[in-house]
Amino acid sequence: MSPRPKVAFFDFTSCEGCQLTVIDSLQTHPELLEVVEIVQFREAMSEKGQDYAIAFVEGSCTRPSDEERLFAIREQADLVVALGACAHLGGVNAIRNRQELSDVRTYVYQDKAEWYETYPARPISAVVDVDFAIPGCPIDRDEFIRVVRQLLQGRTPQLPEYPVCVECKLKENVCLFLRGKTCLGPITRAGCDAICPSYGSACEGCRGLIPQPNIPSLKEVLKEHGLSMEETKALMTLFLTYQMMDSEVVDDAGI
Amino acid sequence: MPGYSRNVNVNVHHITRVEGHGNIVVDVENGELKKCELQIVETPRFFEAMLRGRPYQEASHITSRICGICAVGHATASLRATENALGVEPSEQTVLLRKLNFHGEILDSHILHVYMLVAPDFLNVGSVIPLAKDAPDVVLRALRMKKLSGDLCAVVCGRHTHPVAMEVGGFSHIPSEQDLLGLRERLVAVRADVVATVELFRSFEIPDFTRDTEYIALHKDDEYCFIDGQIHSSDGGSWPLDQYREVTNEYMVPHSTAKRTRNQRDAYMVGALARVNINYDQLHPKAKEAAEALGLKPKNTNPYMNSAAQVVEICHSIEDSIELIDALLERGLKWEEPVEPDRLSGEGVGACDVPRGTLFHNYIIEDGLITGANCIIPTGQNLGNIEADMRDLVPQILYKGQDGITHALEMLVRAYDPCISCSAHILDVKFV
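These protein sequence lines map, in sequence, to chains B and U.
Last residue of the first sequence: number 245 in the numbering used here, and the count goes up by one each step with no gaps.
Last residue of the second sequence: number 435 in the numbering used here, and the count goes up by one each step with no gaps.
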């Protein structure tokens, strides 16, 4: 890789909030622009260079034509990095995967539904090999900077393999379960500094599952705290629909 | 005439420095405009379908993901729709905090737009990045102002993209008085940057193009309205929020297949320029001074002046944020449990004037679950008006040649600050 590698940003089905978070991270880390050359970033610049070595991809793959773009990006880039929950997990886009596709299409587009190319939402790793995923909805600024730094140093970045609860405890928050609320902190990968529980709001699992999550146990806890089966399903399928539908935990969790 | 083109074929694939994916297609044959379209090629999003069957508490968390730039706006409109459906009346403190939070979003979005997306056109660069070398003070000022806006939202709701602490009936976390005092100090200090921003935009040569249209915005008599209010038109007329469909009148056009809106004319405009045109009297006096300096008087019919109107609103939001913080501190902040709904079924409309214009969320809730949803997004409402501007503008600038016309049209689309990922889920898109 050249001393100042060329990087490009691409977006698929998403809100572009992760790319905005990248722009925001430049407020505190302007030095990033001295160590990489951004050759493509449609949301922020008009220039379009095709000779990038690192591709950051935001968004889910939701239609056949997305696959062609993804293949082209994979062919050009030495490193493909999934940016945020939509690219990493399918994110909220995958909520509709649990519904009948034809029904989803006609509900929004009525008799014109056929005009729109679409199929169930998938993370980009379902289409191309992904070298690394930066989780979160949106990504965490500090984690983004750290991962980029490590990638530029030729290292493989590591993500925490412990749950959000660890970070929440370190912040000395009162556990939401003790405040009569519920939370997916016990099964969700840390790295966000437990931002949602710190602001009194349940972890919704946007960073994906930890390795070997004990979902049956969490389900029991949620039930003890008064959550119905339907409410548990809703909580576990905000960001985790694709992971839940795609893994063996589906049977365990009955979701 | 030098450069005059009788045949022009503009085909801008994926307009840059806008949010989302759009194309401009213009075809002029023998001096006659044959085709003039702003095509939306963003993927369909299906948020309305995804909301069905979800608990009402999740709606604002899901819909903030419609857009990273107007996440707080979507969350606020969503909460108001739910609260109206379930008869929830938020407390005075909640209302004040939501207004303060909303200014954070207006500031964040407008600063991003005017400095990073629009200013490069006037400074003849392709993006803000080369400016870091040529005009570091401008870039540092933009970053400083943008950081303050983001920090404002972080103090109130955890973060701007995507808000954490906003709930039906209130907040799950409130800021400390120290946090608000710290913000206040920075808001006062940033006034100098606002003055410099007005000066910068005064120095730009705004394209001279006017076309009268209908302007639509939310309105309240006693404040410059961003949340709730009534729907007002510059052509006259006022509608309560739950009659939004009478104003938006979604329809199809054969030539572009995009779902558009119209009220009393063929198209209308929403956004900062529409708000300043309708709510000029309610602007903060300092914002009125900025408007005067920028030559912006109601009713202004130059769509390129939308960016100037955003600068005026930056000024207003800074000043009003300071006043809101003073009001909150004077009352004293206290922890309040969010107001619980007294029923779990109903229908409600929520509306906000988000950075790009009027946003409507409309939900039907049955036994705590959402069974029907409709969201009408500002960019969808502006599309018909942008095309009407393009049709008017192109014949006036044929002398500019292909590149000049392309540049003028890209600047026009950018002036509207379109948010295409937002609008795609309601637009009908034909892939060409």
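Glycine residues also receive a C-beta, built at the ideal position from the N, C-alpha and C atoms.
Model, not experiment: these values are computed from the prediction.
- Per DSSP, the beta bridge partners of U:Arg263 are U:Tyr254.
- Taking a contact as a CB-CB distance under 8 Å, the pair U:Val75 and U:Pro178 does not count as one, their CB atoms being some 15 Å apart.
- For the segment 56 to 133 of chain B, the full-length beta strand (DSSP E) segments reaching 3 residues or more read 69 to 73 and 122 to 124 along the chain.
- By alpha-carbon distance to U:Gln267, the top candidate from U:Thr251, U:Gly274 and U:Ala275 is U:Thr251.
- In this chain, the alpha helix (DSSP H) harbouring U:Glu202 covers Arg194 to Arg205.
- Taking 7 Å as the CB threshold, U:Glu51 lines the interface with chain B.
- Under the 8 Å Cβ criterion, the segment 148 to 164 of chain U counts as touching the segment 91 to 105 of chain U, having at least three qualifying pairs.
- The segment 339 to 357 of chain U makes contact with the segment 88 to 97 of chain U, as at least three CB pairs between them are under 8 Å.
- According to DSSP, B:Phe0 shares a beta bridge with B:Val47.
- Listed along the chain, the chain B residues whose CB falls inside 8 Å of the CB of U:Ala135 are Pro20 and Leu23.
- Comparing alpha-carbon positions, the option among U:Glu32, U:Thr361, U:Pro288 and U:Val28 lying closest to U:Phe229 turns out to be U:Thr361.
- Just so you know, the alpha carbons of B:Lys171 and U:Ala311 end up roughly 46 Å apart.
- A direct Cα-to-Cα measurement between U:Ile114 and U:Val142 gives close to 11 Å.
- Excluding sequence positions up to five before and after U:Cys73, its CB lies within less than 8 Å of the CB of Glu108, Ser112, Val357, Pro358, Arg359, Leu362, Cys422 and Cys425, all in the same chain and listed in chain order.
- Boundaries of the beta strand (DSSP E) around U:Leu372: Leu372 to Ile379.
- For U:Gln42, there is no enclosing alpha helix (DSSP H); the residue is part of the beta strand (DSSP E) that begins and ends at Glu35 to Ile43.
- Taking 7 Å as the CB threshold, B:Cys182 stays off the interface with chain U.
- Using a Cβ distance threshold of 7 Å, B:Gly80 and B:Tyr232 count as a contacting pair.
- Within chain U, no residue has its beta carbon less than 8 Å from that of B:Gln233; the closest one is some 17 Å off.
- When secondary structure is reduced to three states using DSSP, U:Tyr227 falls in the coil class, being assigned neither helix nor strand.
- Fewer than three beta-carbon pairs drawn from the segment 50 to 62 of chain U and the segment 320 to 338 of chain U are found closer than 8 Å, and the two stretches are therefore not classed as touching.
- Residue environment: U:Gly34 is assigned as exposed (fewer than 16 neighbouring CB atoms within 10 Å of its CB, all protein chains considered).
- For chain U, the residues of the segment 212 to 226 of chain B that bring a beta carbon within less than 9 Å of one of its beta carbons are Glu220, Glu221, Ala224 and Leu225, in chain order.
- Residue state for U:Asn385 is assigned as helix, using DSSP reduced to three classes.
- A direct Cα-Cα distance of roughly 47 Å separates B:Cys127 from U:Asn10.
- When the beta-carbon positions are compared, B:Cys193 and B:Gly175 come within less than 7 Å of each other.
- U:Glu339 sits in coil when the DSSP states are folded into three classes, being neither helix nor strand.
- The DSSP-derived three-state label of U:Ile132 is coil.
- In terms of Cα proximity to B:Glu151, the closest of B:Gln140, B:Arg179, B:Val117 and B:Phe167 is B:Arg179.
- Separation of B:Lys(-4) and B:Val47 (C-alpha to C-alpha, rounded to the nearest whole angstrom) is 14 Å.
- Between U:Val273 and U:Ile219, the beta carbon gap of about 5 Å places them in contact (Cβ cut-off 8 Å).
- The Cβ-Cβ distance between B:Tyr189 and U:His163 does not fall below 7 Å.
- In terms of Cα proximity to U:Glu292, the closest of U:Ala78, U:Gln399 and U:Arg205 is U:Arg205.
- Where U:Val13 is concerned, the enclosing beta strand (DSSP E) starts and stops at Val11 to Val15.
- The C-beta of B:Lys209 has 16 or more other C-beta atoms within 10 Å across all chains shown, which makes the residue buried.
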